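Read left to right, the sequence shown gives residues 1 to 922 (full-length UniProt numbering).
What follows is a single structure, written as structure tokens, with notes after it.
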Amino acid sequence: MKNTVSLLDYGQSYWLDNLTRGKIINGEIKERVTEQGLRGITSNPSIFSKAFTSGDEYDNQIEKLAKEGKTSQEIYEALTVSDVQNACDILLPVFDASMGTDGFVSLEVSPYLARDTQGSMIEARRLYQAVNRVNCYIKIPGTREGVPAIEEMLYEGVNINITLLFSIENYEAVALAYLRALKRRLKEGKSLSNIVSVASFFLSRIDVLVDQILSHYIISSDNPDADSRPDLLMGKAGIASAKLAYKRFKEIFQGKDWEELVEKGANIQRVLWASTSTKNKLYKDVLYVDSLIGKDTVNTLPEETIEDFNDHGSLKKDAIEENIEEAYQVFDQLERMHIDLKFVTQQLENEGIQKFMDSYNSLIEGLEVKRLKALGDHVPTQEIALAGLDAKPVYASLDELHFGKRLFKQDPNLWKKDKEQIKEISERLGWLSLPEDSMKKLDELNAFAQQIKTEGFKHVVLLGMGGSSLCSEVVKESFGTADGYMELIVLDNVDPMAILEVEKNIDMVKTLFIVASKSGTTTETLSFCKYFFEKLKATGKVKPGNNFIAITDNETALVKTAKEYKFRKIFVNPSDLGGRYSVLSDFGLVPMALTGIDIGALLQSAQRMQTSCNPTIPANKNVGISLGTILGLSSKAGRDKVTFVLSNSIKSFGLWLEQLLAESTGKEGKGLIPIQGESLGTPEVYGKDRIFVHIILTSDDNSEDTKKISLLEKAGHPVIRISLHDKLDLGGEFYRWEVAVASAGIVMGINPFDQPNVEESKENTRKLLKIQVSKGDLKNTAPTRETEDIRGSIHTFLLQAKANDYIAILPYFLLTESRKELLQSWRKKIRDSFKVATTLLEGPRYLHSTGQLHKGGPDSGLYILFTGESEEDVLIPDEEYSFATLGLAEAIGDLKSLNDKGRRTIHIQLGKNIDNKLIKLA
Ligand SMILES: O=C(CO)[C@@H](O)[C@H](O)[C@H](O)[C@H](O)COP(=O)(O)O
Ligand SMILES: O=C[C@H](O)COP(=O)(O)O
1 MKNTVSLLDY GQSYWLDNLT RGKIINGEIK ERVTEQGLRG ITSNPSIFSK AFTSGDEYDN
61 QIEKLAKEGK TSQEIYEALT VSDVQNACDI LLPVFDASMG TDGFVSLEVS PYLARDTQGS
121 MIEARRLYQA VNRVNCYIKI PGTREGVPAI EEMLYEGVNI NITLLFSIEN YEAVALAYLR
181 ALKRRLKEGK SLSNIVSVAS FFLSRIDVLV DQILSHYIIS SDNPDADSRP DLLMGKAGIA
241 SAKLAYKRFK EIFQGKDWEE LVEKGANIQR VLWASTSTKN KLYKDVLYVD SLIGKDTVNT
301 LPEETIEDFN DHGSLKKDAI EENIEEAYQV FDQLERMHID LKFVTQQLEN EGIQKFMDSY
361 NSLIEGLEVK RLKALGDHVP TQEIALAGLD AKPVYASLDE LHFGKRLFKQ DPNLWKKDKE
421 QIKEISERLG WLSLPEDSMK KLDELNAFAQ QIKTEGFKHV VLLGMGGSSL CSEVVKESFG
481 TADGYMELIV LDNVDPMAIL EVEKNIDMVK TLFIVASKSG TTTETLSFCK YFFEKLKATG
541 KVKPGNNFIA ITDNETALVK TAKEYKFRKI FVNPSDLGGR YSVLSDFGLV PMALTGIDIG
601 ALLQSAQRMQ TSCNPTIPAN KNVGISLGTI LGLSSKAGRD KVTFVLSNSI KSFGLWLEQL
661 LAESTGKEGK GLIPIQGESL GTPEVYGKDR IFVHIILTSD DNSEDTKKIS LLEKAGHPVI
721 RISLHDKLDL GGEFYRWEVA VASAGIVMGI NPFDQPNVEE SKENTRKLLK IQVSKGDLKN
781 TAPTRETEDI RGSIHTFLLQ AKANDYIAIL PYFLLTESRK ELLQSWRKKI RDSFKVATTL
841 LEGPRYLHST GQLHKGGPDS GLYILFTGES EEDVLIPDEE YSFATLGLAE AIGDLKSLND
901 KGRRTIHIQL GKNIDNKLIK LA
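Quick look at the structure:
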């Protein structure tokens, strides 16, 4: 008869310390049960980590779950639950025959809950229900925080295997918790007979650590005391601990109190020996089997140890109770040598948790790779060429901080310590749950779009700035208008030409105006609103408010105006998110729905990305967190010019990215400087301050840029490559980049959710407008070059540029196609001759985008502000200034803010003939 079968005669059950699907499928488990006396199975994250990576038995289920949109963590749970269920079914006959004593399969709660009492309870209940088998044990670590959860679960009737016990004190604590649970049940008249538990004491690891400490003594001791010879103590601490724990077990589970409980049906909580494979090959391979045989115990063994024990193990009744004196001596001697077992076992507990966390991380990493592979074209890919940036330590720190988990739990304490800032951040994290929150509004938004369509509207004009308009800009440029839907026009420029251009292109009566402002106070937006409202009224339109809707936060001034003007609808947006993080809320979705975009598909893409950024995925494999880590790290290494190269049909996405990066990170003298729209050059034209981000839509022809990017990578620049297979995957990109920027924020040590320097320019503008109204001499309030030699003046200005600087071209006039072309070609010349990064963004749009970075970011910018005189001006109803004056006040206001900060600026007034001057310049 096999030794493992005979063990039962001595009161010990042998369990298998391994579980894989292969072993279930190929009949090995069944055979062990029927022929080798197997009476139970234990599993843990390390066991599953190995199981998932060896063989392909899990692949079909992984593919199916991935396609159902499950996260890697959900897939992990589904795989383990189904393995445990199947193993439970195989072991059920053992359970029945042993009257519920044996035949158990154990499944562990997440190692991340080892220090979380509430979390352990929630997960234990959930897993127990999910497995839904009488013979399943849920494993909870016997840590200080685990003990109350263990007691509560046992009281509730969940079978608990208490894991990670290393010390006699901790063993005693969990045994007493078991008794308390039984007594509570008894007091409440609940049954005791179905309550079962085992306490898992880990052995070989004790010897590994104690031996390591002892080995230092051997080297340093020159006067070995015969009584405490370190060499003689090696390999003894584990067994000694087991023997003394067993002695305590016998003391606890005896006597009147215990007998009374037994009478009422209580089962004994058996001690389970775990970590029983011998790690030191100089010791007996069955060290933790032979000497631990005893009544009411379990020994969970890996396959090799089982083979060894069946081959040459020895069977001795009550071996565990022998040599107790020696066990005490081992403890005494260790104490005399100042080896503090309390400290050692605490360290083992900590290491044990960490080991399971590491295994858990690596199994989630492995599953994530398989999940993405299964999804194929449905998920954009991301590759990062690091060019020497060492991200590993940062990933480790982020994981240690539980950054992902805390981010998704919307923990505002992650970025800053200051109370005020924490409070502000706590009101800015709502974007994390937008993919699912907004999905709930899908029907309402689509129904609204249908209604507008049916009423015969032809255009939608979005009036807004920055975060309230850039998403619409992306939508308009990338998607156009679906058949039968309204054409979208975005107005975010106060140049009278821009306003008149919009007016010229629409039939006012058949146009829906969206007034979009989170704060409800933005001057430009409210001025546009007043202007078009009055214009529509002037057409004689009855109920002009019927052509207006507002998107804003709760109870803003805009809500008041919208009610007063009798707008047809007010979309009240969640107020726990900042403007630049609002694209997946009404701000982005309402205009999208009105142009006929499948917002359901777009949100699904965002949900898929949310899954890929899921907090259980370790930082290095988490696409959002890793992207942000690299960007943050890159900026710290001096490569702060994040140079975007975008596929033609999604180019406008760069405008949105520009605001997100610049306004979120450009503060405290730091910042990611987004460079978008700059044509791609050869390696010679770039300094060492760049990181390139190539985002492509695979259906576009990207061959030229792809070649150039490869050359840049070879030249030593870090490169991030993202491939989208469908334009609707922009939904996911919005989300990926928001997570990335939140992550970059922590790496850079800044708060990515405020914009402390934006208000300065606004305040200056307000003051200037007052001056204009009272004195009418706005033009004379700023240092302005009115020169015929524009090129010369600017050249002299640019001679200040040094390596790592950037040149910002900031025109305060409508950028017509021809003006854009001229400025782009000039921009390229500057980049190539000065070898510095360049940006081009018109005012006042940039004030709501890169403006924060210019003032709050590093002092590496040279700012060229161009103003011009519009041929026509347009008055703002109820105001004493026009749109042209507003624009000029904004330009000069910002110039003043920049100058006050000592930034390098030049203001060129181009006068009336803007186009000719630009031709000369270019
Ligand atoms: O379930 C249990 C204990 O309840 C076991 O699977 C336990 O986790 C394992 O025995 C240990 O993790 C194995 O430890 P080691 O041999 O790697 O030191
Ligand atoms: O990015 C945000 C802009 O400054 C506009 O703000 P708002 O939505 O409050 O009008």
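Using N, Cα and C, we set each Cβ at its ideal position, and we do this for glycine too.
All of these numbers come straight from a predicted model, not from anything done at the bench.
Counted within 10 angstroms of its Cβ, other Cβ atoms place residue i as buried (16 or more) or exposed
i, result
"aspartate 340", "exposed"
"glutamate 427", "exposed"
"threonine 539", "exposed"
"glutamine 12", "buried"
"arginine 336", "exposed"
"threonine 34", "exposed"
"alanine 226", "In this predicted model, alanine 226 has a pLDDT of only 48, less than 50, meaning its place in the structure is not dependable; the value taken from the coordinates is given anyway. Exposed, since its Cβ has fewer than 16 Cβ neighbours within 10 Å."
"alanine 66", "buried"
"methionine 486", "buried"
"phenylalanine 343", "exposed"
"isoleucine 239", "buried"
Boundaries (first-last residue) of the alpha helix (DSSP H) holding residue i
i, result
"cysteine 613", "Cysteine 613 -> no alpha helix (DSSP H), and no H or E assigned at all."
"glutamate 108", "That residue, glutamate 108, is in no alpha helix (DSSP H); its beta strand (DSSP E) goes 104–108."
"isoleucine 138", "Taken as a continuous stretch (DSSP letters only), isoleucine 138 belongs to no alpha helix (DSSP H), being part of the beta strand (DSSP E) at 136–141."
"tyrosine 812", "Per DSSP, tyrosine 812 belongs to no alpha helix (DSSP H); it is in the beta strand (DSSP E), 806–812."
"leucine 711", "703–714"
"tyrosine 14", "Where tyrosine 14 is concerned, there is no enclosing alpha helix (DSSP H), although the beta strand (DSSP E) it sits in stretches over 12–16."
"serine 49", "45–53"
"histidine 312", "303–312"
"proline 93", "72–97"
Chain-order list of residues whose beta-carbon lies under 8 Å from that of residue i (same chain, five-residue window excluded)
i, result
"serine 49", "Ser359, Tyr360, Ser362, Leu363 and Gly366"
"leucine 442", "Ile599, Gly600 and Leu603"
"leucine 798", "Ile807, Ile830, Phe834 and Leu862"
DSSP-derived helix/strand/coil call for residue i
i, result
"lysine 828", "helix"
"alanine 226", "Low local confidence applies: a pLDDT of 48 at alanine 226 is under 50, so the model's placement there is unreliable, and no value is given."
"leucine 292", "coil"
"glutamine 909", "strand"
"aspartate 211", "helix"
"histidine 216", "helix"
"arginine 115", "coil"
"glutamine 36", "coil"
"glutamate 383", "strand"
"tyrosine 686", "coil"
Any non-hydrogen atom of ligand 2 closer than 8 Å to residue i Cβ
i, result
"alanine 516", "yes"
"glycine 887", "no"
"arginine 580", "yes"
"glutamate 890", "no"
"glycine 467", "yes"
"valine 758", "yes"
Cβ neighbours of residue i in the same chain (closer than 6 Å, five flanking residues each side left out)
i, result
"glutamate 880", "Val773"
"leucine 875", "Ser882"
Residue i: CB within 8 Å of a non-hydrogen atom of ligand 1
i, result
"lysine 139", "yes"
"asparagine 44", "yes"
"isoleucine 339", "no"
"threonine 665", "no"
Terminal residues of the beta strand (DSSP E) in which residue i lies
i, result
"leucine 512", "511–516"
"tyrosine 565", "Premise fails: tyrosine 565 is in no beta strand (DSSP E) and is neither H nor E."
"glutamate 260", "No beta strand (DSSP E) holds glutamate 260; the alpha helix (DSSP H) holding it covers 256–263."
"aspartate 553", "548–553"
"glycine 868", "Segment: none, glycine 868 is in no beta strand (DSSP E) and carries neither H nor E."
"isoleucine 720", "719–724"
"serine 197", "197–202"
"phenylalanine 408", "No beta strand (DSSP E) contains phenylalanine 408, which is instead part of the alpha helix (DSSP H) from 403–408."
Neighbourhood of residue i by C-beta distance below 7 Å, restricted to the same chain and skipping five residues each side
i, result
"isoleucine 160", "Tyr137, Ile138, Ile140, Ile150, Met153, Leu154 and Ser197"
Proximity test, Cβ basis, 9 Å: residue i and chain D
i, result
"alanine 498", "No chain D appears in this structure, which consists of one protein chain only."
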